[in-house]
Each structure stands twice: as C-alpha cells, then as structure tokens.
Amino acid sequence: METFSQQVKDEINRQELSRHHHCLKAELAAIIHMAGSLHLAGRERVSLSVTTESAGIARRIVKLFKMTYQLDGEIQVEEVGKLGKIRRYTIFIPDQSSLKMLLLELGIFSGNNLLEKDIKLELVKERCCQTAFLRGAFLAGGSITDPQKKTYHLEMVAHNEKFVNGMLYLLNLLGIKAKYGQRKDKYLIYLKDSEAISKFLSLINANTGVIKLEEVKVIKGLRGDVNRLVNCETANLEKSLAAAWEQVAIIRELRSSPVWTGMSENLKITAELRLEHPEVSLKELGELHRPPLSKSAVNHRLRSIRNLGQAISDQDS
Ligand SMILES: [Zn+2]
11 METFSQQVKD EINRQELSRH HHCLKAELAA IIHMAGSLHL AGRERVSLSV
61 TTESAGIARR IVKLFKMTYQ LDGEIQVEEV GKLGKIRRYT IFIPDQSSLK
111 MLLLELGIFS GNNLLEKDIK LELVKERCCQ TAFLRGAFLA GGSITDPQKK
161 TYHLEMVAHN EKFVNGMLYL LNLLGIKAKY GQRKDKYLIY LKDSEAISKF
211 LSLINANTGV IKLEEVKVIK GLRGDVNRLV NCETANLEKS LAAAWEQVAI
261 IRELRSSPVW TGMSENLKIT AELRLEHPEV SLKELGELHR PPLSKSAVNH
311 RLRSIRNLGQ AISDQDS
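For any residue, its number in this note's numbering is found by taking its place in the sequence shown, counting from 1, and adding 10.
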C-alpha cells in the first residue's frame, strides 16, 4: 500500500509544472542539491546524475532539465533492496556546455567546489521560488510519517551541513521553525509540530495531505476530549467518595457521643446504612432504605447528620 509520504509526493507530482522559469530553476536546484552527484572526468569534463525511487519524480526531473536548459536526460532503472523490490531511477546528463551553465547558475558548481554547499540566494529571492525550492527538496529527499501514527514527523535528508543551514534560513523566512540533527553522515531538517507540518504541506501545494493531517488532528482532538471527560467523571467520583468517608467519620463520632441517643430514628437509620455502605452513591443509599428514599431526601438527612457532627466538634474545641 502507498505510504502517506508517497501519497503526498504523488499529489505534488500530478500538478502541472510552473510556467515560470525562475520557479522551475529553483525546484531543480533543490532536487540536485538533495539527490544529485557530479562526476568529473579529466580536467574539463563533468557529468551529473540524480537519483530517485519514484518513476513519477524521475519523469518530472527529466522535464525540468528539458524546460530550463534544454538538456536531455536519460532514465536508467536499477532494482535494489533485498528482494529487488525497490527501484532506483537515475537521470544521467552527460558533459556538455549547457550542463556547465546549469551548474553555475543553480549554484551547484562554483569551479573549485564539487557541490556548492549553500543555497544560491538569487534563486530564492521571490516567494514563488522559495516554495518551489522547498517542493523540490521534499520531492528529492523528504518524507512524512502518517499523521495517524503517534507523533507528527516530516523530515528532509541532506548531505551537508551548510545546505541544511540554508534550508533552515529559508524555512524561517516562510514562517516555519524547523529543527536539525544528524543521522550517521547525513543531515536532517525536521518538523515535529503539526501546525508547522500543515503549513509546509500547504506551501508546497500538497493540499490533500493538509486535509488528511487536519482530519487526523480533529479525530485525535476528539479522543483527547473523551479522555478529559473520563478524567472529569473520575474526579467527580473521587469527590463523592471523599464526601462519603467524611460522613462515616462524622457518624462514628456521633455514635460515641450523647447526641446519638437524642437523634431521630430516621437519621439513625440513614447513618447506620452509610456506615455499612460507605462506597455507594447517594442514589444507591436511598434505595437501601425501607421504603426507599429519593436522592434528595438522603442528601437532606446526611446534611442534618453533618450539622449535628459539626455541633459536637464545635463543643469539643
Ligand atoms: Zn518563482
């Protein structure tokens, strides 16, 4: 079955590519930063490959190369993983002058560095390009946990720390506070907060992803409400138990005092029943009387008993 991550990526992938060259370049730059490798042959020759595990994303990358720099990429498929169940798609761009131009313009290659580590600011000046960049980064190296799982989690895995800093800066510009960490030799940018994840998904146009996340949040919220209700009932129960034990203590005191003999038979019956059944509710206590008493009648008698108890403890002090 498709994971939530794949659903989100498919949704983005089904959408038309931007009509603006600046956005296309920003998206492609992010993809190359996340999933590209450069290969040098001799002093002058350079080629580029980009890998992904999705056929749809591979086709998208081929289109991006074509639309921005008229580069023709070729897709190679490999079967990887234990049972060869995972397919890896590699888009290969051989050495040519427009590839060199792409590498310079997209800030991938600055002459002496193999992969330029920071994000080229000219690429992400406009908001449309900033979100396009995030979209590319998520498609190439992102994943999101199904929101039905216990915790919310969205992450993007990158290969170097400076690029991660650039991403954090970009996310911050867009009002998203992200965290970062390290896993082996990889760097992670991650979001744990459902609000931030929702915002991220809507920025990259993953709207059904947002809807699903929000639905799950509502359901989780309802579950929280039910828990609160149960806790509230428990609290009431504890309160009534505490009241019952207080009544028992008063009745014991009354019984060993001269007041007891002067008390009406009715009050004595209710007092004795309470002593025998400290755990029952007022309603149940009423039903134990012969003939049965209403809850309010029991409450009334218990209040009288309490007042008598109060009177003797006042006398004592
Ligand atoms: Zn743009």
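The beta carbon of each residue, even a glycine, is placed where N, CA and C say it ideally should be.
- Message: Considering Cα atoms alone, identify which of 19, 36, 269 and 321 is closest to residue 139.
- Response: Of 19, 36, 269 and 321, the residue nearest in Cα terms is 36.
- Item | CB contact below 9 angstroms: residue 191 versus chain C | As a matter of chain content, chain C is missing from the structure shown, which is built from one protein chain.
- Task: Check residue 192 in the structure and name its three-state DSSP category.
- Result: When secondary structure is reduced to three states using DSSP, residue 192 falls in the strand class.
- Tell me whether residue 39 counts as near ligand 1, meaning its Cβ is closer than 8 angstroms to at least one heavy atom of that ligand. Checking the Cβ of residue 39 against ligand 1 gives no.
- Using alpha carbons as the reference points, say which of 66, 74 and 288 lies closest to residue 31. Nearest option by C-alpha distance: 74.
- Message: Quick check: what's the CA-CA separation for residue 129 versus residue 231?
- Response: Across the structure, residue 129 and residue 231 are spaced so that their CA atoms are roughly 39 angstroms apart.
- Beta-carbon spacing of residue 164, residue 207 below 9 angstroms: In this structure, residue 164 lies near residue 207, with their beta-carbon atoms less than 9 angstroms apart.
- Query: Given residue 28, which residues of its chain have a CB within under 7 angstroms of its CB, disregarding the five upstream and five downstream residues?
  - Reply: Excluding positions up to five away in sequence, the list reads 34 and 142.
- Query: For the candidate residues 92, 93, 167 and 108, whose alpha-carbon lies nearest to that of residue 83?
  - Reply: Distance check between residue 83 and each of 92, 93, 167 and 108 places 108 closest, using alpha-carbon atoms only.
- Task: Could you have a look at residue 152 and say whether DSSP puts it in helix, strand or coil?
- Result: It is a strand residue.
- Grab the span of the alpha helix (DSSP H) containing residue 43 for me, first residue to last. Counting along the chain, the alpha helix (DSSP H) containing residue 43 begins and ends at 31-45.
- What separation, rounded to the nearest whole angstrom, lies between the Cα atoms of residue 68 and residue 41? Approximately 11 angstroms between the Cα atoms of the pair.
- Query: With burial defined as no fewer than 16 other Cβ atoms inside 10 Å of the residue's Cβ, what is the status of residue 188: buried or exposed?
  - Reply: Counting Cβ neighbours within 10 Å, residue 188 comes out buried, since at least 16 surround it.
- Query: Whose C-beta lies closer than 7 angstroms to the C-beta of residue 250 among residues of the same chain, with five residues either side of it excluded?
  - Reply: Listed in chain order, the non-local C-beta contacts of residue 250 below 7 angstroms within the same chain comprise 291, local neighbours out to five positions each way being set aside.
- Item | Secondary structure, alpha helix (DSSP H): runs of 4+ residues fully inside the region 83-123 | Within the region 83-123, the complete alpha helix (DSSP H) runs of at least 4 residues are 107-115.
- Would you call residue 321 buried or exposed, if buried means 16 or more other Cβ atoms sit within 10 Å of its Cβ? By the 10 Å Cβ count, residue 321 comes out exposed.
- Query: Looking only at its own chain, which residues have a Cβ that is under 6 angstroms from the Cβ of residue 308, when we skip the five neighbours before and after it?
  - Reply: Excluding residues within five positions, the ones whose Cβ falls inside 6 angstroms are 292, 295 and 296.
- From this set, 288, 133, 103 and 100, which residue's C-alpha is nearest residue 116's C-alpha? Taking each of 288, 133, 103 and 100 in turn and checking the Cα distance to residue 116, the smallest one comes out for 133.
- Query: Since residue 145 contacts residue 22 with CB under 8 angstroms, what's their CB separation in whole angstroms?
  - Reply: Between residue 22 and residue 145 the Cβ distance is about 6 angstroms, and since that is below 8 angstroms, they are a contact.
- Identify whether residue 161 lies in helix, strand or coil by the three-state DSSP scheme. Residue 161: coil per DSSP, three-state reduction.
- Message: Please report the straight-line C-alpha distance between residue 103 and residue 50, rounded to a whole angstrom.
- Response: So the alpha carbons of these two residues sit roughly 12 angstroms apart.
- Item | Proximity below 9 angstroms, CB of residue 47 to CB of residue 56 | Residue 56 sits away from residue 47, with the two beta carbons spaced by 9 angstroms or more.
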